[in-house]
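Here the structure is laid out as structure tokens; the discussion comes afterwards.
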Amino acid sequence: MSDATHHTTNNYGPQAFMDGGQGNVGINYGVVGAPVQDPELRARVEELTRLLVELRGHLTPEQVRTVEEVLPELAGDRQALRERGLVLARVAQIAAVVGAVGQPVGEALGRLLDLIGRSVG
Numbered sequence: 001m002s003d004a005t006h007h008t009t010n011n012y013g014p015q016a017f018m019d020g021g022q023g024n025v026g027i028n029y030g031v032v033g034a035p036v037q038d039p040e041l042r043a044r045v046e047e048l049t050r051l052l053v054e055l056r057g058h059l060t061p062e063q064v065r066t067v068e069e070v071l072p073e074l075a076g077d078r079q080a081l082r083e084r085g086l087v088l089a090r091v092a093q094i095a096a097v098v099g100a101v102g103q104p105v106g107e108a109l110g111r112l113l114d115l116i117g118r119s120v121g
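Set out below in structure tokens:
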């Protein structure tokens, strides 16, 4: 086509159009502005998650549903965990109710709570 107003554009993949401005970061693939990864916190959350998964065989169907609801809420972010106190309280309640078999979960939760209670920085 020879029409001067016709443009063919093949856009493959992400595009960013930055027309002036300040502080342009381009395309954010979830890294820019993301919380700094805390290896100790991540390890505590992974430990608690693993123990909860292992505990499911000792739980009632209702408790299993609660654990299934709680697992996605466990995050490797201190602030998010602080805001999810009710979620952590549900975990503590389940660990206490099942007795000795829940003790490792209770201890792991205590270590996580200790860690997120520390001041950041």
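At position 24 of the sequence shown the residue is numbered 24 (UniProt numbering), and the sequence of numbers has no breaks. Using N, Cα and C, we set each Cβ at its ideal position, and we do this for glycine too.
Asked, Found
"Residues in the same chain with beta-carbon distance under 6 Å from residue 86, minus the five sequence neighbours each way, listed in chain order, please.", "none"
"Look at the alpha carbon of residue 39 and the alpha carbon of residue 72, and state the distance between them as a whole number of angstroms.", "19 Å"
"Among 94, 55, 74 and 57, which has the Cα closest to the Cα of residue 43?", "74"
"Who are the near neighbours of residue 90 in its chain, counting only those whose CB is closer than 7 Å to its CB and skipping five residues on each side?", "66 and 70"
"Could you tell me whether the Cβ atoms of residue 55 and residue 105 are closer together than 8 Å?", "yes"
"Could you tell me which of 117, 83, 92 and 81 sits nearest to residue 52, measuring between CA atoms?", "92"
"In three-state terms, what does DSSP make of residue 74?", "coil"
"In chain order, what residues of the same chain lie with their CB nearer than 8 Å to the CB of residue 37, ignoring the 5 residues before and after it?", "76"
"I need the DSSP call for residue 82, collapsed to helix, strand or coil.", "helix"
"Could you check if residue 96 is buried or exposed, using at least 16 other CB atoms within 10 Å of its CB as the buried criterion?", "exposed"
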